[in-house]
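Below: the structure, in C-alpha cells.
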Amino acid sequence: MIKFQGTADYIASHDLSVAVNAAIALEKPLLIKGEPGTGKTLLAHEIAKALNKPLYTWHIKSTTTAQQGLYEYDAVSRLRDSQLGNDKVDNIANYINKGKLWQAFEADEKVILLIDEIDKADIEFPNDLLLELDKMQFFCYETGEEIIAKHRPIIIITSNNEKELPDAFLRRCFFHYISFPDRETLKEIVAVHYPNLEKQLVENAMQLFYAIRNQRNIKKKPSTSELIDWIKLLLVGKINAQELDDVMEGKRETPFLGALLKNEHDKAILR
Amino acid sequence: MFLDFFLFLKEKGIPVTLREYLDLLAALDKNLLEYNVDDFYFLSRTVLVKNEEHLDTYDQIFGVYFKGIEQIQSSELLNIPDEWLRKNGERLFSREELENIKSQGDLESLLDRMAELLKEQKERHQGGNKWIGTGGTSPFGAYGYNPEGVRIGQDKSRHRKAVKVWDKRGFKDLSQDEELETRNMKMALRKLRILSREGRTEEIDLNKTIKSTAKNSGMLEVEMVPSKKNVVKVLLLFDIGGSMDDHIALCSQLFSAAKYEFKHLEFFYFHNCLYENVWKQNERRWEEKTPTESVFNTFNDDYRVVFVGDASMSPYEIFSPQGSVEHYNEEPGQVWLQRMIEHFPYFVWLNPVPKTEWKYTQSIGMIQKIMKGRMFPLTIKGIEKAVGILKKKDKGTPVV
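Protein sequence lines correspond, in order, to chains A and B. To convert, note that position 10 of the first sequence is 14 in my numbering; the numbers rise steadily by one, no gaps. To convert, note that position 204 of the second sequence is 241 in my numbering; the numbers rise steadily by one, no gaps.
What follows is the structure, encoded as C-alpha cells:
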C-alpha cells in the first residue's frame, strides 16, 4: 500500500500522515484547513513528490464554476469554424475543453488532484461537485460520454474558512486541521530549509518569533512561511545572533519586521 | 465495533452520521493502524470530525470514553489550538482559569468547574456587575467553551437559574436541533435572491446572436451577456448588550446562517437604538466607532438593511435628545432611524421577542411605527415574511 510519511523538504506531523494515508487508502477527498502559511497547498505538492505521481492543480477563484473543472464546450469557436467550412466542425468533441477533473480521471495512473482554496468559490460550488467527488464520474452531455475515473485520484482540498462548506460536502470528505507546529517541529522545519544555520541564531530567531506570535492583539499572526522568509532575510542581511539578542533586550528594533507582520496595526502594537 | 463510542459522540453533539461510522470501520478494515491508541485517535478524528469547532469537544469525549488507556497523554487529548480556546473561552474564563481547566483534564471535573464558575458569575451579576459575556467580547458565532454553553445561556434567560441546568440538562444534546434551526434559517434566507446580469460577459445570448448574425447577412456575429448571479447585498445591524443577552443564541444562529447565504454581507452593532455611531467589534466599541453618516456614504441604497433587536428600551431612548443610556446623543434615536430608512428603502426589523409579547413594551410599538410595520419576529416564519418584504421598496405606506 502507498504510504505518505512526509518528504525530505516537508515535515509532516504524525497526525497529518495518518490523515493522508487514511484518505489514500479509502480513496476519499481530504479537506485541509489551518492557519494561513502552515503548508496546506504545499502538502499536495509534497504528496505528489513522495509518491512520485503527477499532480493536477485546480486553483479556485470567485468566478470558478464546478462545470469548469469537468469540461467547457466552446460553442463560439465551433460556430465560427462552421462559417469557415472547417471539417473539425462535424465532431463536437473537438470543441470540448477538458477540465482538471476530467484530466485527472482519464490519467493512466493514480494522480493527485489539488483543489486549492475551495472557499473562494460561490456558495453553490461544493454542492455542484458532490456526485463527481463521491462516485468520481460525471456525464458529458455534448458527446454523450460517461467519464469514469480509471484510477480514483487522491484529492486534496484546501480551505481558508472564508465560507462555510455545506454538510453534504463535508460528509464526503475526510478532514484535517493543520495546527501550528510546536517548537520542536518548527525547528525541524527550519532545519529542512536551512540545514547549515548557526545554532544560536536559530534559537534567538525562534524566541523572537514566538514572542511576536504570542502578542495578544495581533490581527494576523506570523506563521511558518513567514518565519522561513524572515530567516532568509536575516541571512541575506547578515544579521547575527548577537544582534537578535539586542532586539530582545530592547536595544534595537526587530530587523525585517515587515516579513513577519503584514499590516500597520500589528507593527504599531509591537512598537 | 466502536458503535458505543460512535453513539456517545452523537449524543454529545458531534454531528456524525452513519456514513462517518462506516468510513471509520472501512478505515480500520484496511489495517492502516499499528494498533496503538494514538493512531486510532488521529484516524478517528480525521474520519469523524468535519469542523474544527468540534475538535475540542471531540478530544474531551475521546478522553472520557477511552479513560484508562494509558498510552494517551492528556496533553494530546486536549490538543486544542489556542485560538479557538481563546475565541470560545474568552467569554467565560480568564487565561489562568483556562490553563487550570486544561490541567484538570477530565470532563467531569471540567464540567463541575464550569458550573462553579457560572455560579460565581451569576452572583457577581446580581451584585450589579456586568456579565462577562455581555460587557466584553462579541457573542456572535461563539458557543462557549463547549456546545452545552448555549444551553446555559438559554435556560438562564428563561428561568433565571444558571446552575440548576448543569445538574442534568447540561449534557442534553443540543447541536442537532440547532443545526436544524440554522438549516431552516438558511432556507428561509435563501429566498432573498435577486438574480441579475452584471459584470463579465460570459454567456452567449442566443436571441441577440441570431439577430445580429441575420443583420450581418449571415456572417456570424456573437453577442455575449453576463451570466445570472445573485446580487443581493445585505447590511445587518445588531442590537447588542443589555436586554439582548437573552437572545444571543438566536442572533448568533441568524448571523451564521446569513454569513453562509450572502456573498455581500456587512454588519454593524448598535446598542438599544441607532445613534450617530455604530461599531464592528464590540470589545472595541469605544475606540473603533464608525459614524452612522459614513455608513450612508459607504453603502448604496440597494443594500437590504436588516435591523436585529428587541426594541425594548425606555421611550426616551427613541424620541428624546440625550436619551441614550450610554452616551450623550445630540439627536434622538428616531432621527437616526428615519435617516437610515430614508437612505435605504429596503429594510426590515427582526425582533427576537415573541410577537405575542410585543404589546407589553411601549417602545416596540414605537419602533414598529417608525419601521412602517416592517418589524417581524425572529422566527422561521418571521424571516420568511421579512424576506418577502425586503424585496419591496418602501414607498411611504406602512405594510401589514
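Backbone N, C-alpha and C fix where the C-beta goes; we use that ideal spot for every residue, glycine too.
Per-residue DSSP class, three states only, for residue i
{"i": "A:ARG175", "result": "helix"}
{"i": "B:ASP276", "result": "strand"}
{"i": "B:ARG234", "result": "strand"}
{"i": "A:ILE182", "result": "strand"}
{"i": "B:PRO435", "result": "coil"}
{"i": "A:PRO130", "result": "helix"}
{"i": "B:ASN267", "result": "strand"}
{"i": "A:LEU38", "result": "A small correction: the amino acid at residue 38 of chain A is Gly; Leu does not occupy that position in the sequence shown. In the structure shown, A:GLY38 sits in a strand (DSSP, three-state: E or B)."}
{"i": "B:PHE39", "result": "coil"}
{"i": "B:ASP438", "result": "Not covered by the structure: residue 438 of chain B. The range shown for chain B is 38 to 437."}
{"i": "B:HIS364", "result": "coil"}
{"i": "B:TYR340", "result": "strand"}
{"i": "B:GLU325", "result": "coil"}
{"i": "B:GLU239", "result": "strand"}
{"i": "A:HIS18", "result": "helix"}
{"i": "A:ASN25", "result": "helix"}
Spatial neighbours of residue i in its chain, beta-carbon cut-off 7 Å, leaving aside the 5 residues before and after
{"i": "B:PRO414", "result": "ASN388, PRO391, LYS392"}
{"i": "A:GLN141", "result": "GLU150, ILE151, ILE152, ALA153"}
{"i": "B:THR238", "result": "MET261, VAL262, PRO263"}
{"i": "B:PHE43", "result": "VAL53, TYR58"}
{"i": "A:LYS7", "result": "ASN25"}
{"i": "A:PRO130", "result": "ILE122, LEU169, PRO170, PHE173"}
{"i": "B:VAL268", "result": "ILE231, SER233, GLU235"}
Same chain only: Cβ atoms within 8 Å of residue i, ignoring 5 sequence neighbours per side
{"i": "B:GLU330", "result": "GLU313"}
{"i": "A:PHE66", "result": "According to the sequence as given, residue 66 of chain A is Ser; it is not Phe. The residues are LYS124, ALA125, ASP126."}
{"i": "B:GLU325", "result": "TRP316, LYS317, GLN318"}
{"i": "A:GLN204", "result": "ALA245"}
{"i": "B:GLY402", "result": "TRP395, LYS396"}
Neighbour flag for residue i against chain A, beta carbons, 7 Å
{"i": "B:ALA63", "result": "yes"}
{"i": "B:ASP76", "result": "yes"}
{"i": "B:TYR95", "result": "no"}
{"i": "B:LEU243", "result": "no"}
{"i": "B:TYR297", "result": "yes"}
{"i": "B:ARG322", "result": "no"}
{"i": "B:GLU89", "result": "yes"}
{"i": "B:PHE292", "result": "no"}
{"i": "B:LEU80", "result": "yes"}
{"i": "B:VAL268", "result": "no"}
{"i": "B:LEU265", "result": "Per the sequence shown, residue 265 of chain B should be read as Lys rather than Leu. No, its Cβ sits nowhere closer than 7 Å to a Cβ of chain A."}
{"i": "B:GLU67", "result": "With the sequence shown as reference, residue 67 of chain B is identified as Lys, and Glu is not the correct amino acid for it. It does; some Cβ of chain A falls within 7 Å."}
{"i": "B:ARG56", "result": "yes"}
{"i": "B:LEU257", "result": "yes"}
Neighbourhood of residue i by C-beta, 6 Å cutoff - its chain only, sequence neighbours within 5 removed
{"i": "B:VAL271", "result": "PHE299, LEU302, ARG341"}
{"i": "A:ILE159", "result": "PRO33, LEU117"}
{"i": "B:PHE275", "result": "TYR306, VAL345"}
{"i": "B:ASN334", "result": "none"}
{"i": "A:ASN56", "result": "none"}
Distance, residue j Cα to residue i Cα
{"i": "A:HIS155", "j": "A:GLN9", "result": "22 Å"}
{"i": "A:GLN211", "j": "A:LEU239", "result": "17 Å"}
{"i": "B:ASN319", "j": "B:PHE304", "result": "12 Å"}
{"i": "A:HIS197", "j": "A:LYS167", "result": "33 Å"}
{"i": "A:LYS215", "j": "A:GLY262", "result": "Looking at the sequence provided, one finds Ala at residue 215 of chain A rather than Lys. Distance between the alpha carbons of A:ALA215 and A:GLY262 is about 16 Å."}
{"i": "B:LYS245", "j": "B:MET224", "result": "35 Å"}
{"i": "B:GLU363", "j": "B:GLU394", "result": "26 Å"}
{"i": "A:ALA111", "j": "B:TRP323", "result": "59 Å"}
{"i": "A:LYS139", "j": "B:LYS47", "result": "27 Å"}
{"i": "A:VAL80", "j": "A:ASN98", "result": "12 Å"}
{"i": "B:ALA295", "j": "A:ASP91", "result": "52 Å"}
{"i": "A:ASN208", "j": "A:ILE28", "result": "39 Å"}
{"i": "B:LEU92", "j": "A:HIS269", "result": "31 Å"}
{"i": "A:HIS63", "j": "A:GLN107", "result": "15 Å"}
Contact with chain B by residue i, beta-carbon distance below 7 Å
{"i": "A:PHE129", "result": "no"}
{"i": "A:ALA172", "result": "no"}
{"i": "A:ARG175", "result": "yes"}
{"i": "A:VAL251", "result": "no"}
{"i": "A:ASP19", "result": "yes"}
{"i": "A:GLN107", "result": "no"}
{"i": "A:GLN9", "result": "no"}
{"i": "A:VAL22", "result": "yes"}
Notebook entry, point to check: For the region 201–228 of chain A, which residues have a CB atom closer than 7 Å to at least one CB atom of chain B, in sequence order?
Noted result: none
Next item on the list: Closer than 8 Å, Cβ to Cβ, to anything on chain B: give me those residues from the region 67–85 of chain A, in chain order.
Entry: THR67, ALA79, VAL80, LEU83, ARG84
Item checked: Members of the region 110–143 of chain A that neighbour chain B once the beta carbon cut-off is set at 9 Å -> ASP126, ILE127
Note to self: Short of 9 Å Cβ to Cβ, which residues in the region 424–435 of chain B face chain A?
What the structure shows: none
Check: According to a CB-to-CB cut-off of less than 9 Å, which residues of the region 36–47 of chain A neighbour chain B?
Finding: LYS37, GLY38, GLU39
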